[in-house]
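Residue numbers (full-length UniProt numbering): 1 to 222.
This is the structure:
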(Lines of atoms letter the chains of each structure in order from A and count residues from 1; the text may use other names and numbers.)
(Lines give C-alpha, C1' and ligand atoms only; values in the text may rest on other atoms or scores of the structure.)
Protein backbone atom coordinates (compact mmCIF):
# COMPACT_ATOMS: atom_id res chain seq x y z
CA UNK A 1 0.00 0.00 0.00
CA UNK A 2 1.36 3.42 -0.93
CA UNK A 3 0.97 6.23 1.61
CA UNK A 4 1.62 9.97 1.55
CA UNK A 5 2.93 11.52 4.77
CA UNK A 6 2.63 15.31 5.00
CA UNK A 7 4.51 16.44 8.11
CA UNK A 8 6.95 19.34 8.50
CA UNK A 9 8.57 18.18 11.77
CA UNK A 10 11.53 16.26 10.39
CA UNK A 11 12.38 14.06 13.42
CA UNK A 12 8.74 12.95 13.70
CA UNK A 13 8.51 12.36 9.95
CA UNK A 14 11.66 10.22 10.02
CA UNK A 15 10.28 8.17 12.91
CA UNK A 16 6.92 7.66 11.22
CA UNK A 17 8.45 6.71 7.88
CA UNK A 18 10.73 4.16 9.52
CA UNK A 19 7.83 2.57 11.36
CA UNK A 20 5.51 2.56 8.35
CA UNK A 21 8.21 1.08 6.11
CA UNK A 22 8.68 -1.66 8.70
CA UNK A 23 4.93 -2.33 8.49
CA UNK A 24 5.26 -2.90 4.76
CA UNK A 25 4.01 0.45 3.45
CA UNK A 26 5.65 2.44 0.66
CA UNK A 27 5.74 6.04 1.92
CA UNK A 28 6.32 9.36 0.16
CA UNK A 29 7.04 12.34 2.40
CA UNK A 30 6.29 16.03 1.92
CA UNK A 31 6.75 18.92 4.34
CA UNK A 32 4.93 21.76 2.54
CA UNK A 33 1.18 22.15 2.08
CA UNK A 34 1.49 23.59 -1.42
CA UNK A 35 3.36 20.52 -2.65
CA UNK A 36 0.84 18.27 -0.92
CA UNK A 37 -2.14 19.76 -2.79
CA UNK A 38 -0.62 18.78 -6.13
CA UNK A 39 0.96 15.45 -5.28
CA UNK A 40 -1.96 14.17 -3.25
CA UNK A 41 -4.25 14.81 -6.20
CA UNK A 42 -1.97 13.44 -8.92
CA UNK A 43 -0.47 10.27 -7.39
CA UNK A 44 -2.44 7.07 -6.63
CA UNK A 45 -2.15 6.91 -2.85
CA UNK A 46 -4.10 4.41 -0.77
CA UNK A 47 -4.08 6.65 2.33
CA UNK A 48 -2.76 10.06 3.35
CA UNK A 49 -1.47 11.12 6.78
CA UNK A 50 -1.80 14.90 7.03
CA UNK A 51 -0.51 17.26 9.70
CA UNK A 52 -2.62 20.40 10.03
CA UNK A 53 0.21 22.77 11.05
CA UNK A 54 2.08 23.03 7.74
CA UNK A 55 4.15 25.75 6.08
CA UNK A 56 3.12 27.05 2.68
CA UNK A 57 -0.54 26.13 3.07
CA UNK A 58 -2.32 24.97 6.23
CA UNK A 59 -3.31 21.31 6.32
CA UNK A 60 -6.99 22.16 6.65
CA UNK A 61 -6.86 24.13 3.39
CA UNK A 62 -4.97 21.27 1.73
CA UNK A 63 -7.71 18.85 2.77
CA UNK A 64 -10.45 21.24 1.64
CA UNK A 65 -8.88 21.53 -1.81
CA UNK A 66 -8.45 17.78 -2.12
CA UNK A 67 -12.09 17.08 -1.31
CA UNK A 68 -13.32 19.93 -3.52
CA UNK A 69 -11.35 18.34 -6.36
CA UNK A 70 -13.05 15.00 -5.82
CA UNK A 71 -10.22 13.18 -4.04
CA UNK A 72 -11.71 10.28 -2.07
CA UNK A 73 -8.48 8.83 -0.63
CA UNK A 74 -8.79 8.21 3.14
CA UNK A 75 -7.10 10.97 5.15
CA UNK A 76 -5.85 10.65 8.73
CA UNK A 77 -5.12 14.06 10.24
CA UNK A 78 -2.56 14.77 12.96
CA UNK A 79 -3.32 17.56 15.42
CA UNK A 80 -1.96 19.05 18.62
CA UNK A 81 -3.53 17.50 21.72
CA UNK A 82 -5.44 20.63 22.77
CA UNK A 83 -6.65 21.62 19.28
CA UNK A 84 -10.17 20.20 19.55
CA UNK A 85 -11.48 22.94 17.26
CA UNK A 86 -9.00 21.86 14.55
CA UNK A 87 -10.13 18.27 14.88
CA UNK A 88 -13.76 19.26 14.42
CA UNK A 89 -12.94 21.44 11.41
CA UNK A 90 -10.83 18.67 9.92
CA UNK A 91 -13.63 16.13 10.21
CA UNK A 92 -16.07 18.63 8.70
CA UNK A 93 -13.66 19.17 5.81
CA UNK A 94 -13.64 15.47 5.00
CA UNK A 95 -11.01 13.79 7.20
CA UNK A 96 -11.68 10.12 7.91
CA UNK A 97 -9.94 10.00 11.30
CA UNK A 98 -7.62 12.04 13.49
CA UNK A 99 -4.81 11.40 15.93
CA UNK A 100 -3.65 13.84 18.61
CA UNK A 101 0.05 14.50 19.23
CA UNK A 102 1.92 13.07 20.99
CA UNK A 103 0.88 9.53 20.11
CA UNK A 104 2.33 6.05 20.23
CA UNK A 105 3.46 4.79 16.79
CA UNK A 106 1.51 1.55 17.25
CA UNK A 107 -1.73 3.52 17.54
CA UNK A 108 -0.96 5.20 14.22
CA UNK A 109 -0.29 1.81 12.59
CA UNK A 110 -3.56 0.37 13.90
CA UNK A 111 -5.55 3.39 12.74
CA UNK A 112 -3.96 3.13 9.29
CA UNK A 113 -4.86 -0.57 9.10
CA UNK A 114 -8.43 0.15 10.20
CA UNK A 115 -8.90 2.96 7.68
CA UNK A 116 -7.59 0.81 4.84
CA UNK A 117 -9.85 -2.08 5.77
CA UNK A 118 -12.83 0.26 6.11
CA UNK A 119 -12.20 1.85 2.73
CA UNK A 120 -12.25 -1.63 1.16
CA UNK A 121 -15.39 -2.93 2.83
CA UNK A 122 -13.80 -4.86 5.69
CA UNK A 123 -14.52 -2.39 8.48
CA UNK A 124 -15.67 -4.94 11.05
CA UNK A 125 -12.86 -7.44 10.51
CA UNK A 126 -9.88 -7.52 12.92
CA UNK A 127 -7.81 -9.14 10.16
CA UNK A 128 -7.94 -9.19 6.39
CA UNK A 129 -9.89 -12.18 5.06
CA UNK A 130 -10.19 -13.35 1.48
CA UNK A 131 -10.03 -16.59 -0.52
CA UNK A 132 -9.94 -18.70 2.65
CA UNK A 133 -6.93 -16.81 3.97
CA UNK A 134 -6.44 -14.65 7.07
CA UNK A 135 -3.63 -12.09 6.90
CA UNK A 136 -1.94 -11.22 10.20
CA UNK A 137 -0.54 -7.74 9.56
CA UNK A 138 1.23 -7.61 12.90
CA UNK A 139 3.23 -10.80 12.32
CA UNK A 140 3.24 -10.35 8.53
CA UNK A 141 2.15 -13.91 7.83
CA UNK A 142 -0.95 -15.56 6.43
CA UNK A 143 -3.08 -18.27 8.05
CA UNK A 144 -5.05 -20.98 6.27
CA UNK A 145 -7.05 -23.64 8.15
CA UNK A 146 -5.32 -22.58 11.38
CA UNK A 147 -1.80 -23.06 10.00
CA UNK A 148 0.64 -20.17 9.53
CA UNK A 149 2.35 -19.65 6.18
CA UNK A 150 5.43 -17.46 6.39
CA UNK A 151 5.92 -14.62 3.92
CA UNK A 152 8.83 -12.48 2.86
CA UNK A 153 8.39 -8.70 3.21
CA UNK A 154 7.72 -8.36 -0.52
CA UNK A 155 5.24 -11.25 -0.55
CA UNK A 156 3.42 -9.75 2.42
CA UNK A 157 3.06 -6.35 0.74
CA UNK A 158 1.75 -7.92 -2.47
CA UNK A 159 -0.66 -10.30 -0.75
CA UNK A 160 -2.06 -7.53 1.44
CA UNK A 161 -2.86 -5.49 -1.66
CA UNK A 162 -4.47 -8.49 -3.37
CA UNK A 163 -6.58 -9.26 -0.29
CA UNK A 164 -7.84 -5.67 -0.13
CA UNK A 165 -8.88 -5.95 -3.80
CA UNK A 166 -10.35 -9.46 -4.23
CA UNK A 167 -11.99 -10.34 -7.54
CA UNK A 168 -10.50 -7.28 -9.22
CA UNK A 169 -8.21 -7.37 -12.24
CA UNK A 170 -5.00 -5.56 -11.31
CA UNK A 171 -2.43 -4.74 -13.96
CA UNK A 172 1.30 -4.95 -13.28
CA UNK A 173 1.61 -1.18 -13.67
CA UNK A 174 -1.23 -0.60 -11.19
CA UNK A 175 0.38 -2.91 -8.64
CA UNK A 176 3.75 -1.23 -9.09
CA UNK A 177 2.21 2.21 -8.52
CA UNK A 178 0.71 1.10 -5.21
CA UNK A 179 3.51 -1.11 -3.87
CA UNK A 180 6.49 1.20 -4.39
CA UNK A 181 7.17 4.79 -3.35
CA UNK A 182 8.00 7.51 -5.84
CA UNK A 183 11.75 6.98 -5.55
CA UNK A 184 11.84 3.22 -6.14
CA UNK A 185 12.45 1.74 -9.57
CA UNK A 186 9.43 -0.31 -10.63
CA UNK A 187 10.13 -3.60 -12.34
CA UNK A 188 7.17 -5.69 -13.55
CA UNK A 189 9.40 -8.77 -13.82
CA UNK A 190 10.08 -8.60 -10.07
CA UNK A 191 6.33 -8.50 -9.43
CA UNK A 192 5.89 -11.61 -11.54
CA UNK A 193 8.50 -13.42 -9.45
CA UNK A 194 6.68 -12.52 -6.21
CA UNK A 195 3.35 -13.64 -7.67
CA UNK A 196 4.87 -17.02 -8.53
CA UNK A 197 6.29 -17.32 -5.01
CA UNK A 198 2.83 -16.69 -3.56
CA UNK A 199 1.32 -19.29 -5.87
CA UNK A 200 3.79 -21.89 -4.68
CA UNK A 201 2.88 -21.16 -1.07
CA UNK A 202 -0.88 -20.69 -1.44
CA UNK A 203 -1.86 -22.68 -4.51
CA UNK A 204 -1.80 -21.65 -8.15
CA UNK A 205 -5.54 -21.04 -8.37
CA UNK A 206 -5.51 -18.25 -5.78
CA UNK A 207 -3.98 -15.76 -8.27
CA UNK A 208 -5.21 -16.00 -11.83
CA UNK A 209 -3.32 -14.46 -14.75
CA UNK A 210 -5.51 -12.59 -17.22
CA UNK A 211 -3.40 -12.34 -20.35
CA UNK A 212 -2.96 -8.76 -21.50
CA UNK A 213 -4.79 -7.45 -18.41
CA UNK A 214 -2.99 -8.47 -15.23
CA UNK A 215 -3.85 -10.60 -12.20
CA UNK A 216 -7.08 -11.52 -10.43
CA UNK A 217 -6.92 -12.64 -6.80
CA UNK A 218 -9.73 -14.62 -5.24
CA UNK A 219 -9.59 -18.25 -6.27
CA UNK A 220 -9.77 -20.68 -3.36
CA UNK A 221 -6.29 -21.30 -1.93
CA UNK A 222 -5.23 -24.94 -2.01
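Cβ atoms here follow ideal geometry from the backbone N, Cα and C, with glycine treated the same way. Since this is a predicted model, take the numbers as computed values, not measurements.
Round the Cβ separation of residue i and residue j to the nearest angstrom and send it over; I've been treating them as touching at under 8 Å.
{"i": "residue 198", "j": "residue 158", "result": "7 Å"}
{"i": "residue 93", "j": "residue 60", "result": "6 Å"}
{"i": "residue 210", "j": "residue 216", "result": "6 Å"}
Using C-beta distances below 6 Å, list every residue in its chain close to residue i, excluding the 5 sequence neighbours before and after it, in chain order.
{"i": "residue 31", "result": "8"}
Under three-state DSSP, which class holds residue i?
{"i": "residue 144", "result": "strand"}
{"i": "residue 12", "result": "helix"}
{"i": "residue 26", "result": "strand"}
{"i": "residue 222", "result": "Confidence at residue 222 is low in this model, with a pLDDT of 45, below 50, so its placement is unreliable and no value can be given for it."}
{"i": "residue 214", "result": "strand"}
Can you tell me where the alpha helix (DSSP H) with residue i in it begins and where it stops?
{"i": "residue 64", "result": "59-68"}
{"i": "residue 85", "result": "84-93"}
Would you kindly report the start and end of the unbroken beta strand (DSSP E) that includes residue i?
{"i": "residue 208", "result": "207-210"}
{"i": "residue 130", "result": "128-130"}
Tell me whether the beta-carbon of residue i lies closer than 8 Å to the beta-carbon of residue j.
{"i": "residue 45", "j": "residue 4", "result": "yes"}
Which residues in the same chain have their Cβ closer than 8 Å to the Cβ of residue i, if we skip the five residues on either side of it in sequence?
{"i": "residue 188", "result": "172, 173 and 176"}
{"i": "residue 15", "result": "105"}
{"i": "residue 62", "result": "6, 33, 36, 37, 40, 50 and 54"}
{"i": "residue 184", "result": "26"}
{"i": "residue 19", "result": "105, 108 and 109"}
Leaving aside the five residues before and after residue i along the sequence, list all residues of the same chain whose C-beta is less than 7 Å from its C-beta, in chain order.
{"i": "residue 141", "result": "148, 149, 150 and 151"}
{"i": "residue 221", "result": "Per-residue confidence for residue 221 stands at a pLDDT of 47, beneath the threshold of 50, marking its modelled position as unreliable; the derived number appears in the next sentence. Excluding sequence neighbours, residue 221 sits near 131, 132, 133, 144, 202, 203 and 206."}
Beta carbon of residue i: closer than 7 Å to some heavy atom of the ligand MG?
{"i": "residue 62", "result": "Annotation note on the ligand MG: not contained in the displayed structure, which lists no ligands."}
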